[in-house]
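In what follows, a single structure is set out as C-alpha cells and then discussed.
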Amino acid sequence: LGGALAETLQGDGGNDSLVGGDGNDVLDGGAGNDQIVAGTGDDAATGGAGVDRIDGGDGNDTISGGDSADILRGGNGMDVISGDGGDDVLRGGAGDDTIYGGTNPLAPGGGGLVVAKAGTGGGAAAPASDADRIHGGAGDDRISGGDGDDQIYGDGGNDDLNGGLGTDQIYGGAGDDRIEDGDGSTAVAAGSGDDAVTTGAAADSIRGGSGDDVIDAGGGNDIVRAGSGDDSVQGGNGSDTIWGNDGVDELRGGGGIDTVYGGQGNDTLYGEAGNDSLQGGAGDDVLIGGDGNDGLTGGDGNDVLSGGLGDDILVGGRGDDLLTGEAGTDTFKFLKANDHDVILDYVDGTDLIDLKLLGIGAYGDLTIQMTQTTEGVQIDLASWGGGTVLVMGATLAQMDATDFLL
10 LGGALAETLQ
20 GDGGNDSLVG
30 GDGNDVLDGG
40 AGNDQIVAGT
50 GDDAATGGAG
60 VDRIDGGDGN
70 DTISGGDSAD
80 ILRGGNGMDV
90 ISGDGGDDVL
100 RGGAGDDTIY
110 GGTNPLAPGG
120 GGLVVAKAGT
130 GGGAAAPASD
140 ADRIHGGAGD
150 DRISGGDGDD
160 QIYGDGGNDD
170 LNGGLGTDQI
180 YGGAGDDRIE
190 DGDGSTAVAA
200 GSGDDAVTTG
210 AAADSIRGGS
220 GDDVIDAGGG
230 NDIVRAGSGD
240 DSVQGGNGSD
250 TIWGNDGVDE
260 LRGGGGIDTV
270 YGGQGNDTLY
280 GEAGNDSLQG
290 GAGDDVLIGG
300 DGNDGLTGGD
310 GNDVLSGGLG
320 DDILVGGRGD
330 DLLTGEAGTD
340 TFKFLKANDH
350 DVILDYVDGT
360 DLIDLKLLGI
370 GAYGDLTIQM
380 TQTTEGVQID
390 LASWGGGTVL
400 VMGATLAQMD
410 ATDFLL
C-alpha cells in the first residue's frame with residue numbers, strides 16, 4: 010500500500026494486491042494473478058505473469074499486462090497501455106490514450122493526440138491467440154489491433170482505429186473517426202460522425218452510420234451499408250453489394266459483378282467494371298453503368314441513366330427520365346408506371362424498346378399511338394397504363410416491329 014510519495018511496490022510469486030496512492034509510483038505484480046490499483050499520479054504498473062487486473066486511476070499512466078488474459082484500465086489521463094500476449098481487455102478511459110494489445114507500446118505523440126498500436130511490433134512474434142478487446146474511451150485515441158481477432162471500440166472522440174491482421178470487429182462510436190483494417194474479414198460499424206473507413210482484400214461488412222462517411226471497401230466481396238448522411242462509397246475489386254440509404258450519396262461498385270442500391274436521396278451510382286446492377290431508388294438519381302453488360306433501374310424520381318460500354322438494360326421507372334444506352338446493343342424497358350421518358354441515343358437496327366410488361370397485343374395497335382415530332386418519334390402508352398416515350402432523332406419511316414419487344 011503506497012502513500013503520498015513516489016514509491017516502488019513489488020509483488021512476489023503469489024496473487025498480490027498492490028495499491029499505489031498519490032505519488033508517481035512503480036508497481037510490479039510479478040508472478041501470480043494480481044490486482045493493482047495505481048491511484049493518482051503518473052504511475053507505471055506491470056502485471057507480469059498471471060491473469061492480472063490493473064486500474065491506472067488518475068494521471069498519465071504506463072500499464073502493461075503480460076502474456077495471460079489481462080484486464081487493464083487506464084482511467085483519467087493520457088495513458089499508455091500494453092496488453093502484451095494473451096486475450097486481453099483494454100480500456101483507455103478519459104483522455105487521449107495509447108493502447109497496444111501486444112508487446113511493444115509506442116510513446117505518446119505531441120499535440121494532444123497519442124499513438125496506439127495493439128499486436129506485434131519491432132519484430133516480436135505474437136502469441137497464437139491474441140484476440141484483444143480494446144476500448145478507447147473518451148478522447149481522441151489511436152488504436153491498432155495487430156495480429157489476432159480483435160474487438161476495437163473507439164468510443165468518444167475523433168479516433169484513429171486500425172484492426173491489423175485477423176478477423177476484427179471495429180466500432181467507431183461518436184466522433185469523426187478514421188478506421189482501417191488489413192486483409193482479414195472485418196466487420197465495421199463507423200457510428201456517428203463523419204468517418205473514413207478503408208478495409209483490405211478480404212470480404213468485409215461495413216456500416217457507415219449517421220454522418221457523411223467516406224468508405225473504401227478494398228478487395229473482396231464486400232457488403233456496405235452507407236447509412237444516413239451524404240456518403241461516398243468505393244466497392245473496390247470483388248462482387249460487392251452496396252446500399253446508399255438516406256442522403257445524397259456517391260456509390261461506386263468498382264471491379265467485379267456489383268449490386269448498388271441508391272436508397273433515399275438524389276444519388277449518383279457508378280457500376281464501373283463488370284456486369285453490374287444499379288438501382289436508384291427514391292430521388293432524382295444518376296446511374297452510370299460503365300464497362301460490362303449492366304442493368305440500370307432508376308426507380309422513383311426524375312433519373313438520368315447511362316449504360317456505358319456493353320449490352321445494357323435501362324429501366325427509367327417512375328418520373329421523367331433521360332436514357333442513354335451508349336455503346337453496345339441496349340434495351341430500353343418501360344413499365345406501366347413510367348411518366349415522360351426520353352431515349353437520347355436510340356440506334357435503329359441495334360437497340361430495342363421493350364414494352365412487354367404493358368400488355369400491348371400487336372405492333373399494329375402501337376403504331377396508332379406513334380407520332381412524328383420535330384425532335385423524333387413520340388410513343389403514347391396511356392392506353393396501356395404507361396406514359397410517353399420520346400425517341401430522339403428517330404423517324405416513323407425508320408421504326409417498325411423489329412424495334413420493339415411486345
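Residue numbers (our numbering): 10 to 415. By construction, the Cβ of each residue, glycine as well, lies at the ideal position given by its N, Cα and C atoms.
Query: DSSP-derived helix/strand/coil call for Thr338; Result: coil
Query: Whole-angstrom distance between Asp93 and Gly59, CA atom to CA atom; Result: 12 angstroms
Query: Contacts around Gln19, its chain only, beta-carbon distance under 7 angstroms, and the 5 residues preceding and following it disregarded; Result: Asp37 and Gly39
Query: Identity of the residues DSSP links to Gly385 by a beta bridge; Result: Met401
Query: DSSP-derived helix/strand/coil call for Ser392; Result: helix
Query: Residue interval of the beta strand (DSSP E) (run including Thr306); Result: Gly304 to Thr306
Query: Nearest-angstrom Cβ-Cβ length linking Val416 and Val233, presumed shorter than 8 angstroms; Result: There is simply no residue 416 to check, as the chain begins at 10 and stops at 415 in what is shown.
Query: Beta carbon of Asp321 nearer than 8 angstroms to that of Gly308; Result: no
Query: Boundaries of the alpha helix (DSSP H) in which Leu415 is found, first to last residue; Result: Taken as a continuous stretch (DSSP letters only), Leu415 belongs to no alpha helix (DSSP H), as it is neither H nor E.
Query: Terminal residues of the beta strand (DSSP E) in which Thr268 lies; Result: Thr268 to Tyr270
Query: Beta-carbon proximity of Gly172 to Gly200, cut-off 8 angstroms; Result: no
Query: Contact belief for Gln366 with Met401 at Cβ below 8 angstroms, rounded distance in angstroms; Result: For the sequence presented, residue 366 should be read as Leu rather than Gln. Contact flag wrong, Cβ pair sits at about 23 angstroms.
Query: DSSP beta-bridge partners of Gln19; Result: Asp37
Query: Within 8 angstroms, strictly: CB atoms of Lys345 and Gly395; Result: yes
Query: Per-residue burial, Gly301 [other beta carbons within 10 Å of its own, 16 or more giving buried]; Result: buried
Query: Beta-carbon contacts of Ile45 that lie in its chain and below 6 angstroms, excluding the five residues immediately before and after; Result: Leu27, Leu36, Gly38, Ala54 and Ile63
Query: Contact belief for Gly74 with Asp52 at Cβ below 8 angstroms, rounded distance in angstroms; Result: About 15 angstroms separates the two Cβ atoms, so there is no contact after all.
Query: Beta-ladder partner(s) of Asp225, from DSSP; Result: Thr207 and Gln243
Query: Spatial neighbours of Glu189 in its chain, beta-carbon cut-off 6 angstroms, leaving aside the 5 residues before and after; Result: Asn171 and Thr207
Query: Span separating the alpha-carbon of Asp43 from that of Asp79; Result: 10 angstroms
Query: Selection from Ala391, Ile362, Gly370 and Gly256 that minimises the alpha carbon distance to Met408; Result: Ile362
Query: Backbone secondary structure at Tyr109 - three-state DSSP; Result: strand
Query: Assumed close pair Asp106, Gly145 - CB separation to whole angstroms, cut-off 8 angstroms; Result: 6 angstroms
Query: Start and end residues, beta strand (DSSP E) containing Asp374; Result: Looking at the DSSP string, Asp374 is not in any beta strand (DSSP E); the run it does join, the alpha helix (DSSP H), is Tyr372 to Thr376.
Query: CB contact flag (Arg151, Asp169, <8 angstroms); Result: yes
Query: Alpha-carbon to alpha-carbon, Trp252 and Ala211; Result: 19 angstroms
Query: Alpha-carbon to alpha-carbon, Leu174 and Gly368; Result: 56 angstroms
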